[in-house]
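Student: In my numbering, the protein residues as written are 1002 to 1223. Before we start, here is the structure in question, set down as structure tokens.
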Amino acid sequence: MSSSLILAPSILSANFSCLGEQIEALEQAGADWIHVDVMDGHFVPNLSFGPFILPVIKKHTRLPVDVHLMVSNPDALIPAFLAGGAEQITIHVETCLHLYRTLQSIRAGGCKAGAALNPATPVESLQEVVHLLDLVLVLGNNPGFSGQRWLPEMAGKINRMAQFLERAGSSAIIQVDGGITAETLNDAWLAGARAFVSGSAIFGDPGGIANGIQSLRKQIVF
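Have a look at this one:
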């Protein structure tokens, strides 16, 4: 398991009146990825971005763009996000009738592939596709809105996921999204997560974006 922490700020919590400036500030502050939560108002009760956001992001940073498709029909959107230059696309197990095929299509497009699991979705749902995964996203709360609290029982799920991936011989990174703050990050880290999505804790930090990122990084206990 890697000893490197990856921070992927979610621009869902950014100030859209100065999005470009905030993306540049993220890179300057040491963010690793830019996380894009795509929501359709059906699979989750909120609406956010379409593929149009990718050229906006890429105009302001060279950081990898990490796309999380929280949509009912990911297959309809994947080609546009591939064409837009996403470096990583994560789809939900719960929405894919043909999960194997969908992951294959992402990889065939030259992009890293991830699978996301809602809090109630079991680790074992990835058994047949684990060899296709570069990333596994464990939701730390019910998806749809930024600023929700971390569900403490998800630390146990992350630990089970880490054991599952090790048994499978997988090098997939465990990512966590939902409720990640300076108070909760280390619990997820100790359980086996290595990539962390955070929105409110970074963009809402009273000391600014750079302080929000540093506050998260310094929580890690090796």
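Note that the Cβ used here is the ideal one computed from N, Cα and C, for glycine as well.
In chain order, which continuous runs of the beta strand (DSSP E) of length 3 or greater are located wholly inside the segment 1119 to 1169?
Tutor: 1136 to 1140
Student: Classify Asp1178 as helix, strand or coil using the three-state DSSP reduction.
Tutor: Correct three-state label for Asp1178: strand.
Student: I'd like the span of the beta strand (DSSP E) that includes Asp1067, first residue to last.
Tutor: 1066 to 1071
Student: What residue from Leu1191, Leu1020, Ser1073, Ser1199 has the CA that sits closest to Gly1042's CA?
Tutor: Ser1073
Student: Pull up the distance between the alpha-carbon of Thr1096 and that of Met1040, whole angstroms please.
Tutor: C-alpha separation (whole angstroms): 13 angstroms.
Student: Looking only at its chain, what residues have a beta carbon closer than 6 angstroms to the beta carbon of Gln1105, apart from the 5 residues adjacent to it on each side?
Tutor: There are no such residues.
Student: Spatial neighbours of Ile1174 within its chain, please: CB distance less than 6 angstroms, with the 5 preceding and 5 following residues excluded, ordered by chain position.
Tutor: Excluding residues within five positions, the ones whose Cβ falls inside 6 angstroms are Leu1136, Arg1195, Ala1196.
Student: Cα separation between His1099 and Asn1160?
Tutor: When rounded, the distance between both Cα atoms is 27 angstroms.
Student: So Gly1180 and Asn1142 are supposed to be a Cβ contact under 8 angstroms. How far apart are they, rounded?
Tutor: With a Cβ gap of about 5 angstroms, Gly1180 and Asn1142 count as contacting.
Student: Quick check: the Cα distance between Leu1070 and Asp1038, rounded to an integer number of angstroms?
Tutor: Computed Cα separation, rounded: 6 angstroms.
Student: Please report the residue range of the beta strand (DSSP E) in which Ile1007 lies.
Tutor: 1007 to 1010
Student: What do you get for Gly1209, buried or exposed, if any count of 16 or more other CB atoms within 10 angstroms of its CB means buried?
Tutor: So Gly1209 ends up on the exposed side.
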